[in-house]
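Asks: Residue numbering for the sequence shown follows the working numbering, beginning at 2 and increasing consecutively.
Just so you know, even glycine gets a beta-carbon here, dropped at the ideal spot from N, CA and C.
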Amino acid sequence: MIDLTYYGHSTFLFVIDGKKVLFDPFITPNELAKKVDVKAIKPDYILVTHGHEDHVADVQAIAEKSGAMLVSNFEVVSWFQEKGIENVHPMNHGGSKTFDFGKVKYVNAIHSSTLPDGAGGGNPGGFVVKTKSGTFYYAGDTALNYDMKLIGEEFDIKFALMPIGDNFTMGIDDAIKAADFVGTNLIIGMHYDTFPYIEIDKEAAIDKAKKADKELKILKIGEKITL
Ligand code: NI
Ligand code: MN
2 MIDLTYYGHS TFLFVIDGKK VLFDPFITPN ELAKKVDVKA IKPDYILVTH
52 GHEDHVADVQ AIAEKSGAML VSNFEVVSWF QEKGIENVHP MNHGGSKTFD
102 FGKVKYVNAI HSSTLPDGAG GGNPGGFVVK TKSGTFYYAG DTALNYDMKL
152 IGEEFDIKFA LMPIGDNFTM GIDDAIKAAD FVGTNLIIGM HYDTFPYIEI
202 DKEAAIDKAK KADKELKILK IGEKITL
């Protein structure tokens, strides 16, 4: 069984067959996520797609408190190691690794990845996670790209978490195409409304998805669903 809870922006806590996996934690600086109790989030793993502040802001504090294993690209992982985070697992594009919640593949994203202090954060990515309860794609921050078709060829994707805020990433139109490329009809929206640049009309986005025979799920911050 896969449970997920939305903590705003691109932050989701998955519970996959009992293991807690947190993606791209950006909670304390997010005005929209003020009600989230960050101290209560104790993951077993933290997966980070790239080095931008709006994806790594709470990594250090949560990793220190929980002892969670940080999984990201080599450069992002090395940066956190220098800050004292010891439980880490570096990856790079095209590589897969099996953890106790499933098999993770680090896949391409078209974006950038500079870390908050200006250090190089390697190249940005996304994750495909194959679990006993199904396979999902967490796109991270990315433009639509044809490499997504490779994900559709290799995996049976049950659902995909896609950015829909436009401006810095895909908007809804490209997210619908991306869902076609990876072969799913279920999109969970992320990376919208946090900042003025990425404010969107959520109802219009849901309608657009519906017209393309897709379901776009927009979760409330703090909402938990089972998939
Ligand atoms: Ni970014
Ligand atoms: Mn971002």
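Whose C-beta lies closer than 8 Å to the C-beta of Thr115 among residues of the same chain, with five residues either side of it excluded?
Replies: These residues qualify, in order along the chain: Gly52, His53, Gly121 and Gly122.
Asks: Look up Tyr139 in the DSSP assignment and say whether it is helix, strand or coil.
Replies: Correct three-state label for Tyr139: strand.
Asks: Cβ-heavy atom distance between His10 and the ligand NI below 7 Å?
Replies: Checking the Cβ of His10 against the ligand NI gives no.
Asks: Residues bridged to Ile47 by DSSP?
Replies: Paired residues: Leu23 and Leu71.
Asks: For Tyr8, which residues of its own chain have a beta-carbon under 7 Å away from its beta-carbon, when the five flanking residues on both sides are left out?
Replies: Hits under 7 Å: Leu14, Ile28, Ala34, Val37 and Ile222.
Asks: Roughly how many whole angstroms lie between the Cα atoms of Leu220 and Gly96?
Replies: Approximately 30 Å between the Cα atoms of the pair.
Asks: For the pair the stretch 15-27 and the stretch 41-50, tell me if three or more CB-CB distances fall below 8 Å.
Replies: Cβ pair count under 8 Å is three or more, so yes.
Asks: Can we say the stretch 126-138 touches the stretch 148-160, given the rule of at least three CB pairs closer than 8 Å?
Replies: Cβ pair count under 8 Å is three or more, so yes.
Asks: Where are the alpha helix (DSSP H) runs, 4 residues long or more, that stay fully inside the stretch 95-156, in chain order?
Replies: Runs found: 149-155.
Asks: I want to check one thing, is the minimum distance from the CB of Asp25 to the heavy atoms of the ligand NI below 7 Å?
Replies: Asp25: no, Cβ never under 7 Å from the ligand NI.
Asks: Report all residues from its chain with a CB closer than 8 Å to the CB of Ile201; omit the five preceding and five following residues, and keep chain order.
Replies: So the list reads Ile165, Gly166, Asp167, Gly172, Ile173, Tyr193 and Asp194, once near-sequence residues are dropped.
Asks: Any residue with its Cβ nearer than 7 Å to a heavy atom of the ligand NI should be included. What is that list in chain order?
Replies: Every residue passing the under-7 Å Cβ criterion appears here: His51, His53, Asp55, His56, His112, Ser113, Pro125, Asp142 and Phe169.
Asks: Would you give the residue range spanned by the beta strand (DSSP E) that Glu216 belongs to?
Replies: That run of the beta strand (DSSP E) goes Glu216 to Lys218.
Asks: Out of Met92, Ala62 and Asp101, point me to the one whose CA is closest to Gly127's CA.
Replies: Nearest of Met92, Ala62 and Asp101 to Gly127, Cα basis: Met92.
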